[in-house]
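S.K.:
Residue numbers (my numbering), protein chains in the order written: chain A, 1 to 378; chain B, 1001 to 1378.
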């Protein structure tokens, strides 16, 4: 049954309100033709420009710039900064280099995931936690207040800008020169934007390679955006946004859909980011030790048949009459001419080749557990 | 300039996704004709049914039921439950009666507001924190983990349902009988729904009077909804949602628009909810003591002229060439044939009768600071 007043049951109207914050790049991105938005960290993020399939092929063949201002930076500084960040994650951050980025699962005291941010080390007593969609800042504020830690915790005025795609490096070198060409994955350097120093990291929410510029403040954002578009014109640079089909086929997880607060890092397949040989100072150390052998885990799933309906709720995975998991994200993997999905599957059914049924909003489909996500080596 | 791909610059398209949770009442509410949604606590909440003005007049003359499932319940239980909740708020909750609801400003260690929930006491060692839009649960988890408190903290499976309007009491009495008629404002009783006990409180996000039912679980929600609609048919019961014009003219604040994390309770005009005569255990006690005399405060503002454009960003308030505040919410106050607004105004300009300019998206308008919000006694 369909509500005749909404556009479609998978797309609705949303009034823009004061509650929905915008980044320094929002206006440029909006005027470039954003067709829809979602809300993420109480900010607007575009979801579609030329259309799902065209955006996907363009990202994989050219270069795009994305307003990813929703990646808010929690700035934690002061003598206890390292200790406080370490309390939130089982990954050992004590030996991070000064130019390093770390993907860190963060957890509450039960080991449930509270976010999956990227941590940037700015210096020995200053970190940026580049968050997915939860108010992780309140966790840090709670811990710091309870223990009287010597830290300052604030949301920095930073609007990350992503430059993604096979020609991202060409574009970045034209603007910031050779320093950027030696930059290794998940390392960062300082570059100049209109005379101001900012962080450029080799990172981003795609598998196509690229960079994220941590643009500070508001002024000059439009000019930088225009420069990127001008300098990249012959590279067919276009405005985009994180591409659902590309990130799902590649197995890039999304907090609040693929990862939920009731999951441990082990269930999310992030055990390799957990240091379990010794207690590095994570408040969930004991809880996580007891949960190292998960009974369900995120796995790649291929769903048989033609294109799927838009997914707006979890889809159950079954084996016979038994529910054995759920699909949290799905897409047409256009380059592979199949349907790619991210499943959370019970141990008895998670092995490669396991045949299941997935109950989509348009009925059941056959599905099979894969060895790896698409475009990933085993 | 307008993005031609979106519907209008104040309304956009939003795809429904797995990330956007729904309450037990969502389907009934949606099928009743919700015309637009926003995202609140990572859930969908409808914003419009018959249209802004018609919804407003109906709320003030009849009775509406609202799916307010976005009011998530943080359940804090255990021997340290009272201590933990008290750490988050300057309001003294030690003497709450067992059937009481308290509006509590919650704050971080600097005194900045982290939420403005309603606290429900369930019993001596069990509280529900009915939150506005922030992950306040992470603050409680952080404090509890840091101090090793003996508490359990979880989001309860509760879908609050609001029954609001002048005929709310008539409708509620028909279903739950006389017990509900003696229920005082911000008190709660236990009622039965299909044989299950649930909490009914005299509360709600309007000034029209009414109730909130804290519906637990998922099953039976549709049947209850249908019963309310059937039993209230002769009262002209309709499906609605929190009404912007009604709540703005009445001065009901909205966290993340009127109240932001950088504001103290005193700036938000909530000093009467802060016990500053003795330290009741709030972690921000010292910080708040130093900030008891705010230099800016929330005040009612009337904006001259005809209906305003939709407000999608803060509007500056000026006096001469000086910025002296901002308007965070504005509406046509239909019953008063004027424009009502909520302002945050510097001390030198906040007195009643102060004449200012407000810079709307459609140009400047004259504005004046009022003594009280509309329909409130001085």
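Cβ atoms here follow ideal geometry from the backbone N, Cα and C, with glycine treated the same way.
Against residue 85 (chain A), what residues of chain B qualify as contacts under a CB-to-CB distance less than 9 Å, listed in chain order?
M.R.: Near residue 85 (chain A) there are no residues of chain B at all, since even the closest Cβ is about 12 Å away, more than 9 Å.
S.K.: Any heavy atom of the ligand MG within a distance shorter than 7 Å of the CB on residue 1107 (chain B)?
M.R.: In the structure on display, the ligand MG does not appear, and there are no ligands present to speak of.
S.K.: Counting along the chain, where does the alpha helix (DSSP H) carrying residue 221 (chain A) start and finish?
M.R.: Unbroken alpha helix (DSSP H) run through residue 221 (chain A): 221-231.
S.K.: Could you list which residues in chain A have their beta carbon closer than 7 Å to that of residue 1036 (chain B), in chain order?
M.R.: What residue 1036 (chain B) touches in chain A: 12, 13, 14 and 15.
S.K.: Can you name, in chain order, every residue of its own chain whose Cβ lies under 7 Å from the Cβ of residue 247 (chain A), other than the five neighbours on each side?
M.R.: Result list for residue 247 (chain A): 205 and 206, in chain order.
S.K.: Unbroken beta strand (DSSP E) runs of length 3 or more, entirely within the stretch 167-193 of chain A: which are they?
M.R.: Listed in chain order, the complete beta strand (DSSP E) runs (minimum 3 residues) inside the stretch 167-193 of chain A are 188-193.
S.K.: Residue range of the alpha helix (DSSP H) that residue 86 (chain A) falls in?
M.R.: It spans 81-87 - the alpha helix (DSSP H) in which residue 86 (chain A) sits, taken as one unbroken run.
S.K.: For residue 359 (chain A), list the residues DSSP reports as bridge partners.
M.R.: According to DSSP, residue 359 (chain A) bridges with A:364.
S.K.: Quick one: using the 10 Å Cβ neighbour count with 16 as the cut-off for buried, is residue 1064 (chain B) buried or exposed?
M.R.: The residue in question, residue 1064 (chain B), is buried, as its Cβ has 16 or more Cβ neighbours within 10 Å.
S.K.: Confirm, please, whether the CB-CB distance from residue 330 (chain A) to residue 298 (chain A) is below 8 Å.
M.R.: Going by C-beta atoms, residue 298 (chain A) is not nearer than 8 Å to residue 330 (chain A).
S.K.: For the stretch 262-290 of chain A, which segments carrying the beta strand (DSSP E) assignment without a break, of at least 3 residues, lie completely within its bounds, in sequence order?
M.R.: Here no run is fully enclosed.
S.K.: Enumerate, from N- to C-terminal direction, the unbroken alpha helix (DSSP H) stretches of 4 or more residues contained entirely within the stretch 1020-1073 of chain B.
M.R.: Runs of the alpha helix (DSSP H) inside the stretch 1020-1073 of chain B: 1026-1031 and 1052-1059.
S.K.: Could you confirm whether any beta carbon from chain A is found closer than 8 Å to the beta carbon of residue 1135 (chain B)?
M.R.: By this cut-off, residue 1135 (chain B) is an interface position.
S.K.: Contact between the stretch 1050-1067 of chain B and the stretch 1140-1157 of chain B: three or more CB pairs below 8 Å?
M.R.: No, the stretch 1050-1067 of chain B is not in contact with the stretch 1140-1157 of chain B.
S.K.: Under the assumption that residue 283 (chain A) contacts residue 109 (chain A) (Cβ atoms under 8 Å), give the Cβ distance between them as a whole number of angstroms.
M.R.: That pair is a contact at about 5 Å.
S.K.: Contact between the stretch 217-236 of chain A and the stretch 189-196 of chain A: three or more CB pairs below 8 Å?
M.R.: With the cut-off at 8 Å, the stretch 217-236 of chain A and the stretch 189-196 of chain A touch.
S.K.: Once DSSP output is grouped into helix, strand and coil, what is the label at residue 253 (chain A)?
M.R.: Looking at residue 253 (chain A) - three-state DSSP - the assignment turns out to be coil, as it is neither helix nor strand.
S.K.: For a contact meaning CB atoms closer than 9 Å, what does residue 403 (chain A) contact in chain B?
M.R.: In the structure displayed, chain A extends from 1 to 378; residue 403 (chain A) sits before or after that span and is not available.
S.K.: Any idea what DSSP makes of residue 311 (chain A), helix, strand or coil?
M.R.: Coil, per DSSP.
S.K.: Which one of A:75, A:41 and A:366 has the shortest CA to CA distance from residue 125 (chain A)?
M.R.: Of the candidates A:75, A:41 and A:366, the one whose C-alpha sits nearest the C-alpha of residue 125 (chain A) is A:75.
S.K.: Might you give, ordered along the chain, the residues of its own chain that have their beta carbon closer than 7 Å to the beta carbon of residue 1078 (chain B), omitting 5 neighbours on each side?
M.R.: If we look at residue 1078 (chain B) and ignore the five residues flanking it on each side, its Cβ neighbours are 1125, 1150, 1151 and 1152.
S.K.: What does the alpha-carbon distance come out to for the pair residue 1277 (chain B) and residue 1091 (chain B)?
M.R.: Computed Cα separation, rounded: 11 Å.
S.K.: Write down the C-beta distance between residue 11 (chain A) and residue 34 (chain A) rounded to the nearest angstrom, noting that I regard them as a contact closer than 8 Å.
M.R.: Rounded, the Cβ-Cβ distance is 14 Å, inconsistent with contact.
S.K.: Could you run through the stretch 104-130 of chain A and flag, in chain order, every residue whose CB is less than 8 Å away from some CB of chain B?
M.R.: Taking 8 Å as the Cβ-Cβ cut-off against chain B, the residues of the stretch 104-130 of chain A that qualify are 108, 109 and 114.
S.K.: In angstroms, rounded to a whole number, what distance separates the CA positions of residue 1156 (chain B) and residue 1073 (chain B)?
M.R.: Answer to the nearest angstrom: the Cα atoms are 6 Å apart.
S.K.: Rounded to whole angstroms, what's the CA-CA distance from residue 1097 (chain B) to residue 1142 (chain B)? Just pull it up for me.
M.R.: Spanning the two alpha carbons is a distance of roughly 27 Å.
S.K.: Excluding five sequence neighbours on each side, which residues of the same chain lie with their C-beta closer than 8 Å to the C-beta of residue 208 (chain A)?
M.R.: Counting only Cβ-Cβ distances below 8 Å, and skipping sequence neighbours, we find 59, 60, 164, 165, 166, 168 and 246.
S.K.: Do the CB positions of residue 296 (chain A) and residue 345 (chain A) come within less than 8 Å of each other?
M.R.: Against a cut-off of 8 Å, the Cβ pair of residue 345 (chain A) and residue 296 (chain A) comes out as a contact.
S.K.: Suppose contacts are defined by Cβ-Cβ distances below 8 Å. Is residue 200 (chain A) in contact with residue 144 (chain A) by that definition?
M.R.: Not a contact, by the Cβ cut-off of 8 Å.
S.K.: Starting from residue 1327 (chain B) and walking both ways along the alpha helix (DSSP H), at which residues does that stretch end?
M.R.: Run containing residue 1327 (chain B): none in the alpha helix (DSSP H); it sits in the beta strand (DSSP E), 1322-1333.
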